[in-house]
Amino acid sequence: MTKLAKGDLLTAPGTGHIGCLTPDQKKSLKEVWSIIFDIADSGEAVLPADMMHEVEKEAKTGAGANTATAQAAAKAGWFSGNKSAKAEADAKAAGYGAGMAKISLSDLGLSVDKLRPILWDNAMGDHPDSLLLRFIRARKWNTINSLNMLFKAFKWRLDEDIPSIKYSSDNALNDQNAKFFEQLESGKFYINGTDKDNRIVAYLNVRLHHPGDQPAKTLEKLTIYVMECGRVLLEHPVETVCLVFDLTGFGLSNMDFNMVKYLVTVFEAYYPESLGRIIIHGAPFVFWGVWKVIEPWLDPVVASKVCFTRKDQDLLEYIPANHLPTQYKGGLNKFKYSYTHAKAGENKAMEDTETKERLVAEWKATFWKFEALTREWIKVGTKEATSTRTEAEIEAEREQVAKDLRVAFFKMDPYIRARNMFHRSSPPVASADGSVNWVYNN
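Counting in UniProt numbering, the sequence shown tops out at residue 442, every number present.
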């Protein structure tokens, strides 16, 4: 058994990631944080109306406006059905001057008491800026568009009760969803290792899937469960995954258009900027008619990440040989998937309510500290600034607190979240401190 050392994936300056922001990108991030705080404090915010007009136009005519996800999003939000006119009227009625627009959480079906908890819950062990920047990049640095997308994702997480899925044990989810374990055991999909850019790789063996073999809702719950488990395996600066759709042996009986639509919507609308590469491998002739149906559903940015491989050896262009399972010719990793079920007592920490409450309180206190520093950071160089510290000084402390947040989260993690397949392997892929250790059997 040999273990491959982790490599570094460096992000180029100006690409909109943490530590690589241009001054304008940093300004956009501050704007988003500022409006989040305004809305979290009062449930509403007042903005220049032209910001909403620009985004309303982009939503109707911009790149990707005709995709399934964009069309669904157009039915709700701050700028659907010319809502900017109402927002301007609301601002005027509230006593604000001309050219202003008022937006509120209630327009999206959210409430103040739920905003912070779902924001913090969504961040988990990530740098909070990383979460926001994924939505900002996905909406091409349009502040209102980014917030609209972010808050609708929050509402979806509440409506679908995503926290209960990600914190539950697989045993509990199996009890609640018919054939849940059957999907995990089938080998129709699994996560193993990383690609050449250090992205985790998820393999989907489409020939093993038949739409009528399990309830659609079970597949949806399972998709979210695996995605939330996989999210914790991402380590800065890597923020995306590689999906391998293995179409070897694919036939029309394996095609599940509803599930494909669900995946497209979930990745584009609720987990934006999470896909780094999509490999469609070994597609037979019959698939190309299917592809003509699917391709228009994809956002142009997502579509640009799709690549096709014919022979097994073609996968080596993207995945190192010693990472690629030996089921593919040229692969050296003697990995054979099997699902490891829960071990007795693995979730005993969740019964320790005293320790749980203490660690949750510590994590929340760290998040409040991060929020206070972010407010201070936003005001640097403005008339509202009260701090005498420089931006660099605030940023240095803020980055340290973001690291403290990650440490606090993983201390708390075993007390609030059931263990999963990545904690059960030997040695564990997911370590107690949040580090990830892929071991390859070469």
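Think of the CB as a built atom: it goes at the ideal place given N, C-alpha and C, for glycine as much as any other residue.
Small disclaimer: the values here were computed from a predicted structure and weren't measured.
- The three-state secondary structure of P48, taken from DSSP, is strand.
- Beta-bridge analysis with DSSP links V241 to I200 and L275.
- When beta bridges are read from the DSSP output, S104 appears opposite E44.
- In the DSSP assignment, N205 is bridged to D246.
- Nearest Cα to A12 within the set A321, P237, A94 and A396: P237.
- Within the same chain, and ignoring the five residues on either side of H209 in sequence, the residues whose Cβ sits closer than 7 Å to its Cβ are K188, N254 and D256.
- With respect to the C-alpha of P325, the residue from K334, K383 and T386 having the closest C-alpha is K334.
- Around the beta carbon of K27, fewer than 16 other beta carbons sit within 10 angstroms, so the residue counts as exposed.
- In its chain, beyond the 5 residues on either side, Y318, I319 and P320 have a beta carbon closer than 7 Å to the beta carbon of K196.
- By the C-beta density criterion, K348 is exposed, having fewer than 16 other C-beta atoms within 10 angstroms.
- Remark: C-beta atoms of V241 and L275 approach each other more closely than 8 Å.
- By DSSP's assignment, N142 forms no beta bridge with any residue.
- Per DSSP, reduced to three states, the secondary structure at P296 is helical.
- Annotated three-state conformation of Y328 is coil, per DSSP.
- Counting along the chain, G193 sits inside no alpha helix (DSSP H); it lies in the beta strand (DSSP E) bounded by residues F189 to T194.
- DSSP places F308 in the strand class (E or B) of the three-state scheme.
- DSSP links A430 through a beta bridge to V436.
- Residue pairing by DSSP puts H281 in a beta bridge opposite D246 and T309.
- Judged by beta-carbon spacing, T248 lies within the 8 Å limit of R207, meaning their Cβ atoms are closer than that value.
- Approximately 6 Å separates the beta-carbon atoms of Y440 and H323; this is inside 8 Å, confirming the contact.
- Contact fails between the segment 133 to 148 and the segment 375 to 383, because fewer than three Cβ pairs, one in each stretch, are under 8 Å apart.
- Cβ atoms of L110 and K155 come within 8 Å of each other, at about 6 Å.
- In the DSSP annotation of this structure, Y339 is not part of any alpha helix (DSSP H), being labelled neither H nor E.
- Counting the other Cβ atoms within 10 Å of the Cβ of R277 gives 16 or more, which makes it buried.
- In this structure the segment 165 to 181 touches the segment 221 to 236; the number of beta carbon pairs closer than 8 Å is three or more.
- Assignment of M124 by DSSP, reduced to helix, strand and coil, places it in the coil class.
- Counting C-beta pairs closer than 8 Å gives fewer than three between the segment 300 to 317 and the segment 174 to 187, which falls short of the contact rule.
- Taking a contact as a CB-CB distance under 8 Å, the pair V244 and A202 counts as one, their CB atoms being some 7 Å apart.
- The continuous alpha helix (DSSP H) containing P414 extends over residues E391 to I416.
- Going by beta carbons, R157 and N122 fall inside the 8 Å limit.
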